[in-house]
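Here's the structure we're looking at; comments come further down.
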Amino acid sequence: MRKVLFATVALLLLGALLPQINQNYPGYLVIGFGGELNKGYEMNLWFAIVALVALLIALLFLAWLTRSLFRAVRGSVDRLRFGRQRVARRRLTSGLVEFMEGNWSRARRQLLKSAPRSEAPLINYLAAARSAHELGFREEANELLAKAEACGEDTRLAVALSQARMQLQDKHYEQCIASLKRAKQLEPKHPALLQLLRQAYYSLGDWSSLQELLPELEKHANMPEEDLQKLEREVYEHQLGEAANRNDKEKLHNIWHSLNGRWQRNVELRSLFANLLHRIGDDTEAEKHLRWLLNREWTPMLAKLYGCLTGANATTQLSAAEGWLKEYGESADLLTCLGRLSMRNELWGKAQQYFEKSLLLRHDPATSAELARLFQALGEKDKAARLFEEGLLQAVPDLPPVPMPSQDKPLLGIHA
Numbered sequence: 000m001r002k003v004l005f006a007t008v009a010l011l012l013l014g015a016l017l018p019q020i021n022q023n024y025p026g027y028l029v030i031g032f033g034g035e036l037n038k039g040y041e042m043n044l045w046f047a048i049v050a051l052v053a054l055l056i057a058l059l060f061l062a063w064l065t066r067s068l069f070r071a072v073r074g075s076v077d078r079l080r081f082g083r084q085r086v087a088r089r090r091l092t093s094g095l096v097e098f099m100e101g102n103w104s105r106a107r108r109q110l111l112k113s114a115p116r117s118e119a120p121l122i123n124y125l126a127a128a129r130s131a132h133e134l135g136f137r138e139e140a141n142e143l144l145a146k147a148e149a150c151g152e153d154t155r156l157a158v159a160l161s162q163a164r165m166q167l168q169d170k171h172y173e174q175c176i177a178s179l180k181r182a183k184q185l186e187p188k189h190p191a192l193l194q195l196l197r198q199a200y201y202s203l204g205d206w207s208s209l210q211e212l213l214p215e216l217e218k219h220a221n222m223p224e225e226d227l228q229k230l231e232r233e234v235y236e237h238q239l240g241e242a243a244n245r246n247d248k249e250k251l252h253n254i255w256h257s258l259n260g261r262w263q264r265n266v267e268l269r270s271l272f273a274n275l276l277h278r279i280g281d282d283t284e285a286e287k288h289l290r291w292l293l294n295r296e297w298t299p300m301l302a303k304l305y306g307c308l309t310g311a312n313a314t315t316q317l318s319a320a321e322g323w324l325k326e327y328g329e330s331a332d333l334l335t336c337l338g339r340l341s342m343r344n345e346l347w348g349k350a351q352q353y354f355e356k357s358l359l360l361r362h363d364p365a366t367s368a369e370l371a372r373l374f375q376a377l378g379e380k381d382k383a384a385r386l387f388e389e390g391l392l393q394a395v396p397d398l399p400p401v402p403m404p405s406q407d408k409p410l411l412g413i414h415a
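The opening residue of the sequence shown carries number 0 in numbering that gives the first Met the number 0; numbering runs sequentially from there.
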């Protein structure tokens, strides 16, 4: 603004001084044509100077005007050419924000509007397909996935993963696994693909396939070590449980022996294996595993189970349990275990003592029943009846208070 003002003032001063200069310093300018001076054009010198300056100003103005018009035309063309793309970008951004917030209807609308002019239509179609799926439009979601796949050769993996996520959400596990296996041929080490495959196998209960997947999950799925170990243990637990449910002793042993030493030394897994062996009637093998565990770590529930086993040698079992009594001290579960093992060795008096000590530490219906049937076998009917009664009342502790008949009234013949 100051430059314009300065130029205006300078022109005004020049216009005021020019008549004075012309009067004091007259002169003329001759422009000749050809080689003869009489053929030309004469004019006042100062007029010629002013005319030349005006011509230069006019040329500069014409150049500025031409450049401004060119810029205006180019801007209009750019707006026509790129304006729609900018609108498409804004709609894509808005649609993705709505998508992240879970506003599926708005997201789908914005993404589909911007898809035809989007610079990355794959993103539009994949996100719109997921939004349509969340809204329950399954056929539309599949059509949008097909459009996404048509965007190029390098889109197949992204489309397959999106489709697998939708199938997993719909609990179509077999279809999900089939989609992921096809995608696995393109990118066998893709972390997201392996994680989806893990979820599908887990939901389907396909523990054998999940076991085969474990090495790949460990190498490429970026799973935390704790989660990976938990999953691995769960796989082995289900495999062992399935073999026991089929009463397949050979399969159960084969699965156990296929585990590496780290898992065979795992307390929870070995405890489960011993329980399953007992369930299918292989007490001899179960006794070995429980003895191995209890020699290393005291677990009351395992001691309770140990007393229920019929091992290869009842005397050895009793000696082992008495060693635990010295090492770990008296506990209700261990004393009940010792009582049962004493009965297996036909040591009736010792069994009675162990059961009675156990009941002093804890009222337990199972221990009361064990001691009661021992008294029953020894002919002490009254003690047995009292213990059976105590054990029954312990097993059902929450009987509601109700009126009871008097003992001097007959139990039969009550009024209807």
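Just so it is clear, CB atoms sit at the ideal spot from N, CA and C, and this is done for glycine as well.
Check                                                                                                                                                                        : Outcome
Check each candidate in G348, L360, A394 and name the one with the smallest Cα separation from F374.                                                                         : G348
If you draw a straight line from the C-alpha of L368 to the C-alpha of M342, how long is it?                                                                                 : In the sequence on display, residue 368 carries Ala and not Leu. Going by the C-alpha atoms only, they are around 14 Å apart.
Whose CA, out of R261, L370, A383, K248, lies closest to the CA of I279?                                                                                                     : K248
Could you pull the start and end residues of the alpha helix (DSSP H) that V462 belongs to?                                                                                  : Absent from the model: residue 462. The displayed extent of the chain is 0 to 415, so no value can be given.
Runs of 4 residues minimum, wholly inside the segment 273-330: which ones carry the alpha helix (DSSP H) assignment?                                                         : 282-293, 299-305, 313-327
For F69, name the three-state secondary structure that DSSP assigns.                                                                                                         : helix
Just reading off the alpha helix (DSSP H) that C175 is part of, what are its end residues?                                                                                   : 172-183
Quick check: H237 and W206, are their CB atoms within less than 8 Å of each other?                                                                                           : yes
If we count the other Cβ atoms within 10 Å of its Cβ and call it buried at 16 or more, is S130 buried or exposed?                                                            : buried
Quick check for students: name the residue ranges of the beta strand (DSSP E) that lie wholly in the segment 134-173, counting only runs of 3 or more.                       : none
DSSP state of S270, grouped into three classes?                                                                                                                              : helix
Checking 8 Å against the spacing of the C-beta atoms, do L121 and T154 come in under that value?                                                                             : yes
Closer than 8 Å by C-beta to L386: which residues in its own chain qualify, once you throw out the five before and the five after it? Chain order, please.                   : S367, A368, L370, A371, F374
Please classify F60 as buried or exposed, where buried requires at least 16 neighbouring CB atoms within 10 angstroms.                                                       : exposed
Once DSSP output is grouped into helix, strand and coil, what is the label at N221?                                                                                          : coil
Alpha carbon to alpha carbon, how far is D281 from L213?                                                                                                                     : 30 Å
Suppose you measure from the CA of R116 to the CA of F69; what does that come to, to the nearest Å?                                                                          : 27 Å
Grab the span of the alpha helix (DSSP H) containing A114 for me, first residue to last.                                                                                     : Element bounds for A114: n/a, residue is neither H nor E.
Considering only C-alpha positions, which residue in the set A273, Q166, H132, A57 is nearest to G101?                                                                       : H132
For A320, which residues of its own chain have a beta-carbon under 8 Å away from its beta-carbon, when the five flanking residues on both sides are left out?                : A302, Y305, G306, L333, C336, L337, L340
How would you label Y327, buried or exposed, when you count the other beta carbons within 10 angstroms and need 16 or more for buried?                                       : exposed
Quick one: residues in its chain with C-beta nearer than 7 Å to the C-beta of L293, no 5 flanking neighbours on either side, listed in chain order?                          : L301, A302, Y305, W323
Output the boundary residues of the alpha helix (DSSP H) element that contains D381.                                                                                         : 380-394
Would V426 be called buried (16 or more neighbouring beta carbons within 10 Å of its own) or exposed?                                                                        : Outside the displayed range of the chain (0 to 415) lies residue 426, so it cannot be described from this structure.
Nearest by alpha-carbon distance to P364: which of R264, A394, Q168, R295 is it?                                                                                             : A394
Taking all protein chains shown into account, do 16 or more other C-beta atoms lie within 10 angstroms of the C-beta of Q162, making it buried, or fewer, making it exposed? : buried
Along the chain, where does the alpha helix (DSSP H) that runs through H189 open and close?                                                                                  : Note, H189: premise wrong, no alpha helix (DSSP H); not H, not E.
Grab the span of the alpha helix (DSSP H) containing A365 for me, first residue to last.                                                                                     : 364-377
Taking the Cβ atom as the reference point for each residue, do Y124 and A106 lie within a distance shorter than 8 Å?                                                         : no
Would you kindly report the start and end of the unbroken alpha helix (DSSP H) that includes R261?                                                                           : 260-263
Do three or more CB pairs link the segment 216-227 to the segment 254-266 at distances below 8 Å?                                                                            : no
Mark L377 as exposed unless 16 or more other C-beta atoms lie within 10 angstroms of its C-beta, in which case mark it buried.                                               : exposed
Out of L203, R197, F272, which one is the CA nearest neighbour of E211?                                                                                                      : R197
Helix, strand or coil for R105 per DSSP?                                                                                                                                     : helix
Just to confirm the assignment, what range does the alpha helix (DSSP H) spanning G348 have?                                                                                 : 347-360
Could you check if Q184 is buried or exposed, using at least 16 other CB atoms within 10 Å of its CB as the buried criterion?                                                : exposed
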